[in-house]
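Everything on this sheet refers to the single structure shown next.
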Amino acid sequence: MTNISYRILERRQQMHIKAYAILCAILALAAGFYFYQKWQEFHFASEGVRVNKAYIEELRKDVVSEKNQYDKSRDKFDGAGKALETKLATIFPADDNYTILTRQVDAFEYELANKKDQFEVSNIDFDSTVETEKYSILPMRMNIRSSADNFTKFLHWMENAGSLSDEVRLMDISSIRLNFEEGDEGKTDIINFSVQVNAYFQK
0 MTNISYRILE RRQQMHIKAY AILCAILALA AGFYFYQKWQ EFHFASEGVR VNKAYIEELR
60 KDVVSEKNQY DKSRDKFDGA GKALETKLAT IFPADDNYTI LTRQVDAFEY ELANKKDQFE
120 VSNIDFDSTV ETEKYSILPM RMNIRSSADN FTKFLHWMEN AGSLSDEVRL MDISSIRLNF
180 EEGDEGKTDI INFSVQVNAY FQK
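Quick note on numbering that gives the first Met the number 0: the sequence shown kicks off at 0 and runs consecutively.
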């Protein structure tokens, strides 16, 4: 009877040991799976941090490169901006600048006048300035004796006035009166004309 009870007790202990072992194995697997997941998450996060650091470093290099490029371009832009301001001050000045305008007309006269094709400005008269809402006008009248070819060049010069490339004062013709001199065989060689011009400047 004692032996039977001992065997039953031994079997129970073995069953308890097996159950405990199975439980420990389950716990070990669960813990291993848990730690494996956490390790995967940690590895993924670490890889993300590494990639982000590399990306940030690339961005820093790009920022330095862009800044250097900007500094180089800024010098060019500043130079171009100053050149543009100078041209604008010539074609659309801050005041009437009638003296400089007279010099431009004289320079144009000198450029066209020669023995073959005449171009002579006999006088320039400036009128009182006219104020508008956005700009001011300096009216002037010129009496000019010119060949037909130079008369055409004068009209082109006035047409291109205000161009940044030519740097001629912004102006236009408001009125013009023509008288023609007949040359040999009835051909028109000389044109005498009186022209009213409006030169513009900033208000």
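All C-beta atoms, glycine included, are put in the ideal place defined by N, C-alpha and C.
query: Taking Phe192 and Asn96 to be in contact with their CB atoms under 8 Å, please state how far apart those CB atoms are, rounded to whole angstroms.; result: About 25 Å; that fails the 8 Å criterion.
query: Keeping to the same chain, check which residues put their C-beta closer than 7 Å to that of Lys152; ignore five residues upstream and five downstream.; result: Leu111
query: Look at the alpha carbon of Lys114 and the alpha carbon of Ser146, and state the distance between them as a whole number of angstroms.; result: 11 Å
query: Return the bridge partner residues of Leu137 from the DSSP annotation.; result: Ala198
query: With Arg102 as the anchor, note down where its alpha helix (DSSP H) starts and where it stops.; result: Tyr97 to Leu111
query: State the Cα-Cα distance for the pair Asp61 and Ser162, rounded to the nearest angstrom.; result: 40 Å
query: Compute the distance between the beta-carbons of Gln103 and Val196, then report whether it is under 8 Å.; result: no
query: Under the assumption that Gln137 contacts Ala82 (Cβ atoms under 8 Å), give the Cβ distance between them as a whole number of angstroms.; result: It should be noted that the sequence gives Leu, not Gln, for residue 137. No, Leu137 and Ala82 are not in contact; Cβ-Cβ is about 25 Å, not under 8 Å.
query: Would you mind reading off the limits of the alpha helix (DSSP H) that contains Asp148?; result: Ala147 to Glu158
query: Quick check: what's the CA-CA separation for Ile190 versus Ser174?; result: 16 Å
query: Are there 16 or more other CB atoms within 10 angstroms of the CB of Leu154, so buried, or fewer, so exposed?; result: exposed
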